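Numbering (full-length UniProt numbering) for the sequence shown: 1 to 216.
Here's the structure, in structure tokens; my notes come after.
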Amino acid sequence: MAAAGWPLSSSVADLLPASLSLTLLLASLVVVVVLAAAAFFFEHIRKIGCTHSLERTEVSAAFFEDPNSLNKVRCPSIYDPAEKYISLIIPAYNEEHRLPEALTETLNYLKQRSAVEKSFTYEVLIVDDGSTDHTSKVAFEFVRKHKIDNVRVLLLGRNHGKGEAVRKGMLHSRGELLLMLDADGATKVTDLEKLEAQVCHKLNQNMFYKVLLCIL
Numbered sequence: 001m002a003a004a005g006w007p008l009s010s011s012v013a014d015l016l017p018a019s020l021s022l023t024l025l026l027a028s029l030v031v032v033v034v035l036a037a038a039a040f041f042f043e044h045i046r047k048i049g050c051t052h053s054l055e056r057t058e059v060s061a062a063f064f065e066d067p068n069s070l071n072k073v074r075c076p077s078i079y080d081p082a083e084k085y086i087s088l089i090i091p092a093y094n095e096e097h098r099l100p101e102a103l104t105e106t107l108n109y110l111k112q113r114s115a116v117e118k119s120f121t122y123e124v125l126i127v128d129d130g131s132t133d134h135t136s137k138v139a140f141e142f143v144r145k146h147k148i149d150n151v152r153v154l155l156l157g158r159n160h161g162k163g164e165a166v167r168k169g170m171l172h173s174r175g176e177l178l179l180m181l182d183a184d185g186a187t188k189v190t191d192l193e194k195l196e197a198q199v200c201h202k203l204n205q206n207m208f209y210k211v212l213l214c215i216l
């Protein structure tokens, strides 16, 4: 009986090194995968950092023009501490006819609300996306009337498209909250409070989202 048991013990002993080798191989593969994932993650973060660095340089080199004094005012950066409660970005391309009505409605609402809520501060940033009509002239008339602290015009040398115009506007904004409005009045500023309520609800509901916003 004892002799019959020896071959079994010998075969188990022979299997152990193979099992151990397989375990080590799997462990090595896991380590390689983890290291590769970590390398990809840090490379992605580095690229984001480079992009942000380029955007910071782009933002810091830009200026607004004050039509009242003809002085240049340095464009703020989205990376700076917020100075206003909300920034409304209005991309405009050849909107000289529809822009006045949209701006009048928007600014009337903002002025009325700020008179009631002292903590409600705002700015309207009109991004002229390379218009070939008198869009910039119309926009500057509102700057003269409402002062450059409340209304600003960002002139793009050529047409970049709506998405890029909005992005550039947001990069030069001073608000805690950033909202895009259409120059043709399609987006109603009177719906702003509903949107704010939803944002506050989401932030209070989801702590992870709060942390993510802080990181970004």
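Glycine included, each C-beta is placed from N, C-alpha and C at the ideal position.
Because the structure is a prediction, the values reported are computed rather than measured.
- [ ] Taking L181 and H146 to be in contact with their CB atoms under 8 Å, please state how far apart those CB atoms are, rounded to whole angstroms.
- [x] Actually they are not in contact, since the Cβ atoms of L181 and H146 sit about 15 Å apart, beyond 8 Å.
Open item on the list: Does the structure place the stretch 181 to 197 close enough to the stretch 165 to 173 that three or more beta carbon pairs sit under 8 Å?
Closed with: no
Task: Cβ-based neighbour list, S131, same chain, cut-off 6 Å, excluding 5 preceding and 5 following - done: Y93, N94
Task: Check whether E176 and I86 have beta carbons under 8 Å apart - done: yes
Open item on the list: Using a Cβ-Cβ cutoff of less than 8 Å, which residues in the same chain neighbour D80 once the five nearest sequence positions on both sides are dropped?
Closed with: R174
- [ ] Consult DSSP for Y85 and reduce its assignment to one of helix, strand or coil.
- [x] strand
- [ ] Give a yes or no on whether the C-beta atoms belonging to I135 and L99 are separated by under 8 Å.
- [x] The amino acid occupying residue 135 in the given sequence is Thr; Ile does not appear at that position. Going by C-beta atoms, T135 is nearer than 8 Å to L99.
Open item on the list: One question on the structure: do R152 and P67 come within less than 8 Å of each other, judged by their Cβ atoms?
Closed with: no
Open item on the list: Quick check on DSSP: helix, strand or coil for F42?
Closed with: Any answer about F42 is weak, because its pLDDT of 44 lies below 50 and its placement is not dependable; what the coordinates show is given next. In the structure shown, F42 sits in a helix (DSSP, three-state: H, G or I).
- [ ] Under 8 Å by Cβ, that's how I've got L154 and L125 pegged, so tell me the actual separation to the nearest angstrom.
- [x] 6 Å
Task: Environment of A197 [buried if 16+ CB atoms lie within 10 Å] - done: exposed
- [ ] List the whole-angstrom C-beta distance separating E101 from G185, where the pair is believed to meet the contact cut-off of C-beta under 8 Å.
- [x] 6 Å
Task: Simplified DSSP state of P100, which is helix, strand or coil - done: helix
Open item on the list: When you compare the CB positions of D133 and P91, do they come within less than 8 Å of one another, or not?
Closed with: no
- [ ] Can you tell me which of I78, I148, T187, H160 puts its alpha carbon nearest to the alpha carbon of L171?
- [x] I78
TODO: Could you tell me the distance, in whole angstroms, from the CA atom of H160 to the CA atom of T104?
DONE: 26 Å
Open item on the list: Strictly by DSSP, which residues pair up with L179?
Closed with: L88
Open item on the list: Assuming contact is defined by CB atoms lying nearer than 8 Å, are K72 and T121 in contact in what I supplied?
Closed with: no
- [ ] Helix, strand or coil for R167, going by three-state DSSP, please let me know.
- [x] helix
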